[in-house]
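Residue numbers (this note's numbering): 22 to 280. Backbone N, C-alpha and C fix where the C-beta goes; we use that ideal spot for every residue, glycine too. In what follows, a single structure is set out as structure tokens and then discussed.
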Amino acid sequence: MDKSPLQDFAAAIASGKVRIVDLTFTLSPDFPVIVLPPEVGQAMPMRIQRISRYDDAGPGWYWNNITLCEHTGTHFDAPIHWHTGKDLPNNAVDTLPPQDMIAPACVIDCSVEAGKDADFLLTVPIVEAWEAKHGRIPERHWVLLRTDWSKKNFRDYANLKEDGAHTPGPNAEVMRWLVHERGIIGFGTETIGTDWGQAFHLDPPLPAHHYLHGAGRYGLQCLCNLDQLPPTGAMIVSAPLKIENGSGSPLRVLALVSH
């Protein structure tokens, strides 16, 4: 029997020719959530309530109830999450095209810059310099911003000050450019949101959300282990939970990397 491409793929994983990198934080009650201005609604941290653990409530089994926001931990943003994408077709996690859940990635390493400046901004010239080394970003690719922010402890992860969060992210021009000039499928970060920590002050405010979701594209945040990915060539598997009319979802994000 002739081998199919899927059989070759399975053999490559089994042999180690294709390595799987987990880009997901462990979801726990301690994981920080985004904090918004107090006058608006807030995201709920994860809560775990034990139902039974081999005891009188269930002698042979262990299980829990969990309560959490759709945007907790490593999570996916669907277009319906933002007002610019609210009227698009198939814009919620239960109606997204399944083929969009597997896509290649470009990883832009700005870890040195972000290590020196928590308010580091990704700009078009920085991406153009990356393209000069690695080639033009192809359409329908993820762009993942590596900052090594995921290596921080939870106490410093949100980096909240009196004027809000101070975390690295993209400026408005680069998000418009990536979406409309490069046709990316989505943008991913190691921080709590896809936007810069002070992005309420940009025009438009929170431009990653504005441009991505207005064009029917996606966001990934709270990623980790981006330092284990090459600049190009990784394949990202990011299938959110199929929540009815869901705006987003925690998920397990895997990267497939060929040796």
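Legend entry - Segment limits, alpha helix (DSSP H) that includes R197: 193 to 201
Inset, instruction - Within 10 angstroms of the Cβ of W170, are there 16 or more other Cβ atoms? Answer buried if so, exposed if not. - result: buried
Legend entry - Residue burial classification, S270 (beta-carbon count within 10 angstroms, cutoff 16): buried
Legend entry - CA-to-CA distance, E202 to R161, given in whole angstroms: 12 angstroms
Inset, instruction - With distances taken Cα to Cα, identify the nearest neighbour of L124 among R197, H230, I34, G209. - result: Residue 124 is actually Ala in this sequence, not Leu. Of the candidates R197, H230, I34, G209, the one whose C-alpha sits nearest the C-alpha of A124 is G209.
Legend entry - Within 8 angstroms, strictly: CB atoms of I257 and V278: no
Legend entry - Rounded distance between the beta-carbons of H96 and L250, thought under 8 angstroms: With a Cβ gap of about 19 angstroms, L250 and H96 do not count as contacting.
Inset, instruction - Name the one or two DSSP bridge partners that S132 has. - result: BP columns for S132 are empty, so no partner.
Inset, instruction - May I ask you to verify whether the segment 213 to 222 touches the segment 179 to 194, counting CB pairs closer than 8 angstroms and requiring at least 3? - result: yes
Inset, instruction - Return the CA-CA distance between F52 and E152, expressed in angstroms with no decimal places. - result: 34 angstroms
Legend entry - Through-space distance from K24 to G214, alpha-carbon basis: 42 angstroms
Legend entry - Residue ranges of each alpha helix (DSSP H) within the segment 86 to 157, 4 or longer: 132 to 137, 145 to 155
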